[in-house]
Amino acid sequence: MPQVTTERLKILRGKIYELMELYPSYQAALLPSFFVAEEIFGFISPEAIGEISNVTGVPAAEIRGVASFYAMYKTKPMGRHIIQLCTNVSCMIEGAYDLVEYLKEKYGLTPGGTTPDGRFSLVIMECIGACGTAPAMILDTDSYENLTKDRLDTLLESYK
Amino acid sequence: MIKITIDGIEVQTDREITILEAAKQVGIEIPTLCTFKNLSPSGSCRMCLVEIERLSRPQTACTVKITDGMVVRTNSEAIMRARKAVLEFLLINHPLDCPVCDKAGECILQDLSAKYGAAAGRFKEGKRTNPVSFEDPVIVRDMQRCILCTRCVRTCDDLQGAFAISVINRGSHSLIEPFSGGRFDCEYCGNCLSACPVGAITSKLHRHTYRPWYIERQVETICGHCGVGCTLTLQMRENTIIRVIPDFEKGLNSGMLCVMGRFGYDYTEHEERLRSPLIRKDGELVPVSWEEAVEFTAWRLKELVKKYGGGAVAGIASGRCTNEDNYMLQKLIRYVLGSNNIDSAARLFYRPAVSYLERMFGQGITANLIPGIANSDGVFVAGGDPTTINPVLGIAVRSVWKKGGKVFVVGKSGGLRSNIKHELNHAEGAGALVLTWILAKVYEKKNFISENSIIDKKLSALKVPDMDMLVRVGVSPEALQYTADELVRLKNPVVIIGPETVLYGNGSKNLFLLGALNYVLNGRLFVLMDEPNTQGCLDMGCSPGVLVGGRPVELETFGHKMENTAGMKTPEGTGLNLFEMINGANSGSIKAMFVMGENPVFNIPDKKKVESALQKLEFLAVSDIFLTETASLADVVFPASAWSEKDGTYTNLERRLQRLRKGTMSSRGRADWKILADICKALGMKESYTDVKSVWDEISRISSVHSGVRYESLIGRGGIWPYGGEPLRGIEGDFEVEGLEDMPELPGFAQSGRVILKEDKSLIHSSSLSRYSPALMGVASEPLLMINPVTAQSLGLSDNERVVITSDKGTAVAILRADRGMPEGVAALSNTFKDNGFRSIVGYTIDPTLKSLNITDRVVTIERAKQL
């Protein structure tokens with residue numbers, strides 16, 4: 048997890064100023080600035096919200112409300128790699144819950160949790176549109192289909 | 002004209018109002034939860050569903066505007082079913098813990114459920130659970146009971162302007178939380194808890210100690226904390242205040258209160274309240290009877306007057322006491338003892354500022370109405386943060402911004418930070434530079450033709466600083482240009498003047514600049530006032546130069562009037578002001594002093610000097626509710642009754658007279674006017690007063706400003722300036738401005754390692770009184786040193802560290818708090834906490850023109866405190 052430092056906050060501030068130029072109102076710049084905050088700090092940290100509030104003038108409580116409204120923003124610290132595993136109908140039928148169970152056994156990873164070494168976080172997804180090749184997951188920004196325990200195992204080994 | 006029919010009753014209006022408002026006009030009640038006074042409609046609770054003819058589905062009455070010919074039914078069977086269903090939904094997650102809920106008995110959800118609700122719900126799933134947050138000292142947040150009507154969030158955003166809370170998460174996981182998720186860390190105004198229709202946000206002060214139906218009595222009174230004078234209701238049981246609630250129908254604050262008014266009432270119950278009169282015997286203050294204390298005081302005063310003459314006696318009045326109290330003190334000092342030496346803490350800022358402005362423009366120039374601020378299109382603030390000194394006035398300023406008006410703040414923007422476009426936060430001591438530039442630019446752009454040649458002449462004499470100088474004191478050219486351009490455009494401006502204009506730097510010039518700016522802009526003036534009755538204290542003649550009604554002592558006609566109507570002979574000569582009294586006590590020309598409700602040792606800078614001066618007095622009498630730093634030096638101490646224990650009148654900063662009403666029936670002390678009247682009586686005064694009304698009657702007979710104002714008529718708008726009498730017309734003639742033609746000097750920047758200290762006015766505290774309030778102490782329990790983070794870093798200090806502040810006059814200990822709003826090289830300390838007050842560690846001089854307090858010796862060193 049990247050530490051909150053004055054330098055990092057300064058980078059964030061610079062990026063938000065750039066974003067504010069692109070949008071008609073400061074509120075509109077909030078959503079993209081969350082991505083920037085995630086990029087820099089790994090999640091939308093309270094310090095980052097404070098900085099966004101300082102720059103845009105949008106009250107901090109309101110920013111927290113917006114950030115928590117959307118499910119795909121990271122509002123708490125996450126691991127280096129994020130496993131977004133689908134457990135919707137098709138994936139469930141094809142054994143997605145076995146994979147959830149396996150992740151728990153092997154890495155101690157529970158849905159919504161992070162491994163103690165901060166390597167992986169697991170997020171349970173609703174349908175990601177890969178029903179034909181279920182079960183499927185998105186690992187960071189890559190998508191993987193037709194998963195089995197063995198395949199998952201080898202895949203995860205390549206994410207250190 | 003719009004005609005509609007509601008339940009067969011025809012309603013006619015000429016405005017487009019909502020169905021809910023129209024129904025209310027003809028007395029039809031539609032149940033609501035999310036609608037609240039002064040808030041815009043939200044339509045989120047769905048409780049107010051009504052049937053509209055030719056519309057297939059029920060509509061929310063709170064959001065739908067009426068149209069001509071509309072036919073509405075509010076009581077059909079379908080609507081009853083809908084209400085029942087809505088309540089069933091609302092109760093899915095509600096814990097139904099009414100037996101342990103403080104709100105039970107005045108809970109709208111409870112009332113509606115009893116009236117319309119289903120006896121049982123059909124949902125078998127478990128209820129949503131959220132932990133109750135006890136993290137705050139004064140507010141408890143129980144999100145299980147919340148029905149998400151967002152009344153609290155809308156109150157916080159739209160009315161209070163604090164933006165402290167928000168709806169977090171989504172759908173059934175939604176809940177109301179502050180930014181931290183735990184502690185509110187907000188302004189603690191508590192307006193959200195009077196907005197909450199259920200028991201989700203409640204006060205911690207009286208948690209589980211009462212039921213609404215336990216209230217035995219309630220009185221409408223005026224808040225005793227600051228100069229705004231908010232109307233509030235005290236609810237009592239067995240002689241103690243159970244709680245303070247706002248009154249949405251009455252008063253200038255329309256239901257808004259601040260942290261001091263809502264939670265700071267508990268100082269009246271503090272265990273250190275004085276219980277009986279004290280007399281110093283063998284160096285110790287010992288309890289005595291009232292008779293003994295009164296007789297002793299009268300005897301000592303008589304003896305000293307006989308020995309040294311009336312001029313050796315002085316009185317200090319208080320802006321915390323009522324008009325009647327202050328009147329009686331000046332009667333004692335002036336007419337019974339024969340001395341014009343009477344002054345008050347108003348001398349420390351309010352009196353010099355207001356009298357200077359009145360000298361420029363005439364009596365009553367600052368008597369403008371606070372609710373009127375909201376109608377302005379621009380507010381210019383200098384010299385102090387209205388959101389902390391007079392919080393409810395600050396809310397009015399924020400509402401200007403909310404409506405699209407402009408807000409400009411010279412200096413630290415503080416609570417108005419999100420309401421301004423550009424900071425005009427200058428280096429310490431450069432206020433006059435910035436103000437001069439703005440005034441000159443506005444004057445030039447307005448093409449102003451003045452009818453007042455005196456002001457006009459002075460305006461042309463001003464030397465305007467160039468932009469380079471202003472940039473050097475840390476103000477951006479863009480901000481200045483913006484301010485000047487926008488100020489010129491204002492149609493209905495307001496200028497607000499705070500204490501820093503007089504306390505630091507050249508007071509008369511700052512006041513002239515602001516007064517002239519207001520004159521050029523044709524605006525309305527407000528002067529911030531931190532005590533509830535400072536203005537009244539002056540109107541009652543508690544100032545050496547003026548008599549009751551604000552008439553100057555020199556005006557002989559008024560002296561004759563006093564003699565003719567009341568048989569009272571005004572002593573000759575102008576008396577001593579507060580500082581001259583202290584000097585007089587030091588040099589031995591003042592021998593006796595009566596201090597009422599004031600704590601000069603703590604509130605006048607240079608504690609050591611004031612303390613030693615008061616110790617030299619042959620006789621010092623103090624009436625107060627606590628044994629303050631001053632009272633502990635006294636020869637006689639009278640326990641006074643507190644704000645909630647007495648009747649009387651207060652005059653607020655808009656010069657509105659308002660009635661203070663007695664709530665608590667028994668008091669540990671007596672009203673100050675009563676104590677003083679007894680002393681006067683013992684000294685041979687003829688008049689006797691049965692109650693506070695008889696004192697007021699005498700005031701209204703004597704004072705030409707208050708003439709004919711009846712005590713009973715002081716309700717509602719009855720006390721608005723001008724009262725029955727006639728104000729003084731503008732005083733023709735010149736007035737003095739110190740260093741008018743001089744270019745304001747660039748401030749000397751502090752040497753490294755040294756910091757300039759200012760007074761911090763905390764929102765939570767009102768001078769030294771609030772240190773006795775457990776609730777307010779719970780919110781802010783320790784003195785804080787606000788300092789610029791860069792300066793703190795350069796001193797090697799970090800946030801939340803305990804630091805020692807050392808000046809030439811003393812030391813104080815505080816917790817360091819980094820604050821980006823502070824200019825570099827400046828720190829601020831409050832004057833609230835015992836032994837750690839700002840004023841105890843600085844010195845002072847007297848402004849030659851204003852005769853006001855000018856704080857000096859502000860350069861301090863700040864070091865990390867040694868570990869205990």
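Quick note, the sequences are listed as chains A and B, same order.
So the first sequence is numbered by my numbering: it starts at 48 and just counts up by one.
So the second sequence is numbered by my numbering: it starts at 2 and just counts up by one.
Every residue, glycine too, gets a C-beta built ideally from N, C-alpha and C.
The residues Leu77, in chain order, have a CB closer than 6 angstroms to that of Val113 of chain A in the same chain once the five nearest residues on each side in sequence are set aside. Asp158 of chain B and Lys446 of chain B have their C-alpha atoms some 36 angstroms from each other. Rounded to the nearest angstrom, the Cβ distance from Asp186 of chain B to Gly508 of chain B is 35 angstroms, too far for a contact under 8 angstroms. Neighbours of Gly112 of chain A in chain B, taken as residues at a C-beta separation under 8 angstroms, are given in chain order as Ser167, Val168 and Ile169. Note: Glu296 of chain B is not bridge-paired with any residue in the DSSP secondary-structure output. With 16 or more other Cβ atoms inside 10 Å of its own Cβ, Trp644 of chain B counts as buried. For Pro79 of chain A, the uninterrupted alpha helix (DSSP H) run begins and ends at Leu77 to Phe88, by DSSP. For the options B:Tyr117, B:Gly546 and B:Asn342, the alpha carbon positioned closest to that of Ala83 of chain B is the one of B:Tyr117. Between Phe116 of chain A and Arg171 of chain B the beta-carbon gap is near 5 angstroms, inside 8 angstroms, which marks them as a contact. Annotation for Tyr149 of chain A: Lys196 place their beta carbon closer than 6 angstroms to its own, counting only its chain and skipping 5 residues before and after. Taking the Cα positions, Gly524 of chain B is about 20 angstroms away from Asn653 of chain B. Annotated three-state conformation of Tyr845 of chain B is strand, per DSSP. In this structure Ala120 of chain B is exposed. Its beta-carbon is surrounded by fewer than 16 other beta-carbon atoms within 10 angstroms.
Not a single CB atom of chain B sits nearer than 7 angstroms to the CB of Glu141 of chain A. Around Ala108 of chain A, the beta-carbon contacts reaching into chain B at under 7 angstroms are Phe164, Ala165, Ile166, Ser167, Pro179 and Phe180.
In the three-state reduction of the DSSP assignment, Met125 of chain A falls in the coil class, being assigned neither a helical nor a strand state. Put simply, the CB of Gly160 of chain A is far from chain B, with every gap to its CB atoms at 7 angstroms or more. The distance from the Cβ of Ala586 of chain B to that of Lys617 of chain B is about 6 angstroms, consistent with a contact at the 8 angstroms cut-off. In this structure, the beta-carbon distance from Ala828 of chain B to Leu786 of chain B falls below 7 angstroms. For Gly546 of chain B, the closest of B:Arg348, B:Val495 and B:Val843 by C-alpha to C-alpha distance is B:Arg348.
For Ser419 of chain B, the neighbours in chain A by C-beta distance under 8 angstroms run, in chain order, Gly104 and Pro106. By the 16-neighbour rule on beta-carbons within 10 angstroms, Tyr651 of chain B is buried. Runs of the beta strand (DSSP E) lying entirely within the region 21-74 of chain B and spanning at least 3 residues, in chain order: 50-53 and 72-74. Listed along chain B, the residues sitting closer than 7 angstroms to Ser115 of chain A by beta-carbon distance are Ile169 and Asn170. Going by beta carbons, Gln74 of chain A and Val105 of chain A fall inside the 7 angstroms limit.
Per DSSP, Ser345 of chain B is one residue of the beta strand (DSSP E) stretching across Ile343 to Ser345.
Trp722 of chain B counts as buried, since no fewer than 16 other beta carbons sit within 10 angstroms of its beta carbon. The Cβ-Cβ distance between Cys193 of chain B and Thr232 of chain B does not fall below 7 angstroms. Counted as a single uninterrupted DSSP element, the alpha helix (DSSP H) harbouring Arg490 of chain B occupies residues Pro478 to Arg490. In this chain, the beta strand (DSSP E) harbouring Ser168 of chain A covers Phe167 to Met172.
Fewer than three Cβ pairs drawn from the region 451-460 of chain B and the region 471-478 of chain B lie within less than 8 angstroms of each other, which leaves the two stretches out of contact. Note that the region 582-596 of chain B touches the region 309-316 of chain B; at least 3 beta-carbon pairs, one per stretch, sit closer than 8 angstroms.
Taking one beta carbon from each stretch, the region 849-861 of chain B and the region 499-515 of chain B have 3 or more pairs nearer than 8 angstroms; the two touch. Taken through DSSP and simplified to helix, strand or coil, Ala201 of chain B comes out as coil. With fewer than 16 neighbouring CB atoms inside 10 Å of its own CB, Asp735 of chain B falls in the exposed class. The residue among B:Asn801, B:Asn131 and B:Pro745 with its C-alpha nearest the C-alpha of Thr437 of chain B is B:Pro745.
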